[in-house]
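**Q** Numbering (UniProt numbering), first residue to last: 1 to 363.
Let me give you the structure first, and then I'll get to my questions.
So, in C-alpha cells, the structure goes:
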C-alpha cells in the first residue's frame with residue numbers, strides 16, 4: 001500500500017507540473033497542392049526568375065533643307081543627305097527576383113507560440129523570414145522607362161530663328177545663301193568678342209557667358225539647316241526567363257532589328273538575342289522525399305540550398321553579358337533542426353530570391 005501511495009504522489013506531482021507548462025512546438029509539412037487547401041499558416045519557397053534588361057540606342061537623323069548647298073556656301077561635305085532611323089544594342093544587365101514556386105508549398109502547424117509561426121511573407125506568399133519585419137529588397141535592375149521613343153516626327157527645324165531678310169527670299173538657293181551669311185556674321189562676332197575688338201563688351205563674366213552661349217546656339221541652329229540634325233535616345237526593355245529542371249536552358253530571348261529595334265522572339269525579320277543558362281548541378285534533390293515515420297527531423301522549417309549557374313546573353317555571336325546567379329528551383333530542399341524554432345525569440349532572415357537562409361539570430 002505504501003508503494004502504491006508513493007506512485008500516486010509522484011504521478012500527482014508530475015501531473016501538476018505538466019499542467020502548468022505550455023508546450024511550445026511547431027512543425028512544417030510539404031503539401032501536394034498549388035494553393036492552400038484550408039485555414040492555417042502556409043508559405044511558398046521561391047523559384048528564381050532571371051530578368052534581363054536589354055539596353056539599346058536609337059539614333060534618328062533628319063537631313064537639313066539646305067544640305068545640297070552645304071559644300072557650295074559653307075565648304076562642308078559631312079552632312080546628312082537622307083532621313084533615317086537606326087537601332088543598336090549597347091548592353092545587357094542580368095538580375096534575379098523570386099516568385100512563388102507552386103510545387104513548393106508548405107503548411108505550418110503549432111501548439112503554443114513557437115517562432116515558426118511568426119512568418120514574414122511577401123504579398124504573394126513567399127517566405128521572407130521569421131520574427132522579421134517585412135522590408136522589400138531593393139532591386140538592382142533599372143526600371144523600364146515609360147518615356148516615348150523618339151521618331152523622325154519629333155525632329156524638325158521649327159526653332160531656327162529665321163530673320164525677315166532670310167524669309168523673304170524667293171528661292172531655296174537665295175535663302176540658303178542668306179543663312180550662310182548669317183553663320184559667317186555670328187562667327188565674326190564671336191571672334192571680335194574674344195579678341196576684345198568690339199565697342200561694347202559684356203559688363204561682367206555672367207553676361208559674357210550668356211552672350212557667347214546665345215551666339216553658339218544660333219550658329220548651331222543655322223548650321224543644322226545644312227548638316228542636318230541627329231538625336232540619340234537610350235531605350236531599355238526587360239525580359240524574363242524562368243529556367244526549370246527538365247526544360248531547355250538555351251533559347252531565343254528576343255529578336256532585334258537595326259531598323260525596327262526590339263521585336264518578338266518569333267519575328268524572323270530581326271536577328272536573335274539568346275539567353276544561355278549553364279547550371280552546375282542539373283538534378284535538384286528533395287531530401288523531404290526520403291523522410292519516413294521514424295525520421296528524427298520531420299518538423300523543422302524547410303528552406304532551399306540553391307545552386308550556382310552562369311547566365312550568358314548573346315547577340316547573335318557577340319557576348320553581351322556573362323554573370324553568375326543562384327537558382328532556387330535547381331537547389332536542394334532541407335530542414336532546419338526540429339527544435340530550433342520551438343523557442344519564441346528566434347529570428348531567421350531568408351533570401352527572397354532563392355529561399356536560402358541568410359542569417360539566424362535571437363531577439
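Beta carbons: idealized from backbone N, C-alpha and C, even for Gly.
When the Cα atoms are used, what is the spatial distance from residue 98 to residue 131?
**A** Roughly 20 Å between the two C-alpha positions.
**Q** Assuming residue 328 and residue 304 make a contact with CB atoms under 8 Å, what is their CB distance in whole Å?
**A** 5 Å
**Q** Under the assumption that residue 225 contacts residue 157 (Cβ atoms under 8 Å), give the Cβ distance between them as a whole number of angstroms.
**A** Beta-carbon to beta-carbon, residue 225 and residue 157 are separated by about 6 Å, close enough to satisfy the 8 Å threshold.
**Q** Residue 107 and residue 45 - do their beta-carbons sit closer together than 8 Å?
**A** No, Cβ-Cβ distance for residue 45 and residue 107 is not below 8 Å.
**Q** Here's a check: name, in chain order, each residue in its chain whose Cβ is nearer than 6 Å to the Cβ of residue 348, leaving out the five neighbours to either side.
**A** 129, 130, 360
**Q** Which of helix, strand or coil does DSSP assign to residue 211?
**A** helix
**Q** Enumerated in chain order, which unbroken segments of the beta strand (DSSP E) with a length of 3 residues or greater are wholly contained in the region 85 to 127?
**A** 119 to 121
**Q** Bridge partners for residue 382 per DSSP, in chain order?
**A** Outside the displayed range of the chain (1 to 363) lies residue 382, so it cannot be described from this structure.
**Q** Check whether the region 243 to 261 and the region 65 to 81 are in contact - that is, three or more C-beta pairs closer than 8 Å.
**A** no
**Q** Mind checking which residues open and close the beta strand (DSSP E) that includes residue 191?
**A** Segment 172 to 195 is the alpha helix (DSSP H) holding residue 191; no beta strand (DSSP E) there.
**Q** My output table needs one value for residue 259: the three-state DSSP class, helix, strand or coil.
**A** coil
**Q** Near residue 84, what residues of its chain come up, given a Cβ to Cβ distance below 6 Å and the 5 sequence neighbours on each side ignored?
**A** The answer, listed in chain order, is 61.
**Q** Assign residue 35 to one of three DSSP states: helix, strand, or coil.
**A** coil
**Q** Just reading off the beta strand (DSSP E) that residue 234 is part of, what are its end residues?
**A** 229 to 241
**Q** Please go through the same chain and pick out, in chain order, the residues whose beta-carbon is closer than 7 Å to the beta-carbon of residue 118, but skip the five residues on each side of it.
**A** Closer than 7 Å at Cβ, skipping near neighbours: 130, 131.
**Q** Under DSSP, the alpha helix (DSSP H) around residue 426 begins and ends at which residues?
**A** Residue coverage of the chain in this structure runs from 1 to 363, which leaves residue 426 outside it and unanswerable.
**Q** Is it buried or exposed for residue 242, if we count other Cβ within 10 angstroms and need 16 for buried?
**A** So residue 242 counts as exposed.
**Q** Write down the C-beta distance between residue 53 and residue 93 rounded to the nearest angstrom, noting that I regard them as a contact closer than 8 Å.
**A** 4 Å
**Q** Can you list, in chain order, the residues of its chain with a C-beta nearer than 6 Å to that of residue 80? Leave out the 5 residues immediately preceding and following it.
**A** Correct list, in chain order: 61, 63, 228.
**Q** State the start and end residues of the unbroken beta strand (DSSP E) segment that holds residue 47.
**A** Under the DSSP assignment, residue 47 falls in the beta strand (DSSP E) whose first and last residues are 41 to 62.
**Q** Please work out which residues of its chain come closer than 7 Å, Cβ to Cβ, to residue 223, disregarding the five sequence neighbours upstream and downstream, and give them in chain order.
**A** 183
**Q** What's the C-alpha gap between residue 27 and residue 333?
**A** 16 Å
**Q** Is the separation between the beta-carbon of residue 69 and that of residue 173 shorter than 8 Å?
**A** yes
**Q** What first and last residue would you give for the alpha helix (DSSP H) that runs through residue 72?
**A** 70 to 74
**Q** Spell out the partners DSSP gives residue 129 in its beta bridges.
**A** 120, 349
**Q** On the criterion of 16 or more Cβ atoms from any shown chain inside 10 Å, does residue 47 qualify as buried, or is it exposed?
**A** Classification of residue 47: buried, given that the 10 Å Cβ count is 16 or more.
**Q** If you compare alpha carbons, which of 91, 330, 126, 233 is closest to residue 247?
**A** 330
**Q** Buried or exposed: where does residue 351 fall if 16 or more other Cβ atoms within 10 Å of its Cβ makes it buried?
**A** buried
**Q** Look up residue 361 in the DSSP assignment and say whether it is helix, strand or coil.
**A** Residue state, collapsed to three classes: strand.
**Q** The alpha helix (DSSP H) spanning residue 276 covers which residue range?
**A** Element bounds for residue 276: not the alpha helix (DSSP H) but the beta strand (DSSP E), 271 to 279.
**Q** So for residue 30, helix, strand or coil by DSSP?
**A** In the structure shown, residue 30 falls within a strand segment according to DSSP collapsed to helix, strand and coil.
**Q** If you reduce the DSSP assignment to three classes, tell me which class residue 324 lands in.
**A** strand
**Q** Sort out for me which residues DSSP pairs residue 315 with in a bridge.
**A** Beta-bridge pairing links residue 315 to 273, 318.
**Q** CA-CA distance, residue 186 and residue 238?
**A** 47 Å
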